[in-house]
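Undergrad:
In our numbering, the protein residues as written are 5 to 180.
#1: What distance in whole Å lies between the Cβ atoms of residue 127 and residue 166, which are believed to be in contact at a cut-off of 8 Å?
#2: In terms of alpha-carbon separation, which member of 174, 173, 11, 21 lies closest to residue 95?
#3: Starting from the C-beta of residue 13, find all residues in its chain whose C-beta is less than 7 Å away, skip the five residues before and the five after it, and write them out in chain order.
#4: Applying the 10 Å Cβ sphere with the 16-neighbour rule, what's the burial state of residue 87?
#5: Thinking C-alpha only, which one of 64, 19, 131 is nearest residue 200?
#6: What do you get for residue 68, buried or exposed, if any count of 16 or more other CB atoms within 10 angstroms of its CB means buried?
#7: Just confirm the distance between the C-beta atoms of residue 113 and residue 121, as a whole number of angstroms; I'd bet it's less than 8 Å.
#8: Let me know the secondary structure DSSP gives residue 104 once reduced to three states.
#9: Would you list, in sequence order, the uninterrupted alpha helix (DSSP H) runs of no fewer than 4 residues that lie entirely inside the region 134-173?
#10: So, helix, strand or coil for residue 27, using DSSP?
#11: Would you call residue 18 buried or exposed, if buried means 16 or more other Cβ atoms sit within 10 Å of its Cβ?
#12: Under a Cβ-count criterion, where at least 16 other Cβ atoms within 10 Å of its own Cβ denotes burial, should residue 168 be classed as buried or exposed?
#13: Below 7 Å CB to CB, which residues in the same chain sit around residue 25 once its five sequence neighbours on both sides are set aside?
#14: On the three-state DSSP scale, how would you describe residue 86?
#15: Does the distance from the C-beta atom of residue 117 to that of residue 98 stay below 8 Å?
#16: For residue 9, count neighbouring C-beta atoms within 10 Å of its own C-beta (all shown protein chains included) and say buried if the count is 16 or more, exposed if not.
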């Protein structure tokens, strides 16, 4: 489960009750920090032991260890609100909510930087792709700049759709 004091810890504990984890012999282990939560995944992976819990994405951890998302049914905001309350009278198993990521710029920026605004409009990548990049960065002890160069060098089919022909040609030439 999540570390003590995190909302996801309350939700996770409520879903453990709803799922009958204790009766099934599954411990609802509450971690003391995000670091121990991440370490538990690494330890389970190294020991080839099962691990069941919550972790967010994108993250380095999910880039390092192949995990499978378990579908727990459709997400209902009212159920999630109840599960987030320690006193929820009827905890229910359900999938976690997805977060929407929005990119915004000021009108002034848009007017003075149309190419950059178009890039931000087009920029899109999956959690799986970002997890992989973060995992590569960690495994190679790479800086953010080195990870960016790695991404640009290995994923031209992705970033090439984000920019215009001229910018794509210029960037491809720089990467030679």
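All C-beta atoms, glycine included, are put in the ideal place defined by N, C-alpha and C.
Bear in mind that the values here come from a model prediction, so they are computed numbers and not experimental data.
TA: Put simply:
#1: Your numbering for residue 166 matches position 162 in the chain shown. Your numbering for residue 127 matches position 123 in the chain shown. The pair is a contact, with the Cβ atoms about 5 Å apart (cut-off 8 Å).
#2: As a first step, residue 95 must be located in the chain shown, where it is residue number 91. 21 is the residue among 174, 173, 11, 21 whose C-alpha sits nearest the C-alpha of residue 95.
#3: The sequence position of residue 13 within the chain shown is 9, counting from 1. Answer for residue 13: 5, 6, 7, 34, listed in chain order.
#4: Position 83 of the chain shown holds residue 87. Around the Cβ of residue 87, a 10 Å sphere holds 16 or more other Cβ atoms; the residue is buried.
#5: Given that the chain is displayed from residue 5 to residue 180, the structure contains no residue 200 and the question cannot be resolved.
#6: Within the chain shown, numbered from 1, the residue matching residue 68 stands at position 64. Counting Cβ neighbours within 10 Å, residue 68 comes out buried, since at least 16 surround it.
#7: Along the chain shown, one-based indexing puts residue 113 at 109. Along the chain shown, one-based indexing puts residue 121 at 117. That pair is a contact at about 7 Å.
#8: Reading the chain shown from its first residue, position 100 is the one you call residue 104. Correct three-state label for residue 104: coil.
#9: The alpha helix (DSSP H) runs lying completely inside the region 134-173 and spanning 4 residues or more are 148-158, 160-163, given in chain order.
#10: In the chain shown, the residue the question calls residue 27 occupies position 23. In this structure, DSSP gives residue 27 a state outside helix and strand, which the three-state scheme calls coil.
#11: Counting from one through the chain shown, the residue named residue 18 turns up at place 14. The residue in question, residue 18, is buried, as its Cβ has 16 or more Cβ neighbours within 10 Å.
#12: By one-based count along the chain shown, residue 168 stands at place 164. Classification for residue 168: exposed.
#13: As a first step, residue 25 is located in the chain shown; it is residue number 21 there, counting from the start. Sequence-distant partners of residue 25 (beyond 5 residues in either direction) whose C-beta falls short of 7 Å from its own C-beta, in its chain, are 32.
#14: On the chain shown, position 82 is the one that residue 86 refers to. Assigned with DSSP and collapsed to three states, residue 86 falls in helix.
#15: By one-based count along the chain shown, residue 117 stands at place 113. By one-based count along the chain shown, residue 98 stands at place 94. No Cβ-Cβ contact shorter than 8 Å links residue 117 with residue 98.
#16: Taking the chain shown and counting its residues from 1, the one referred to as residue 9 is at position 5. Its Cβ having fewer than 16 others within 10 Å, residue 9 is exposed.
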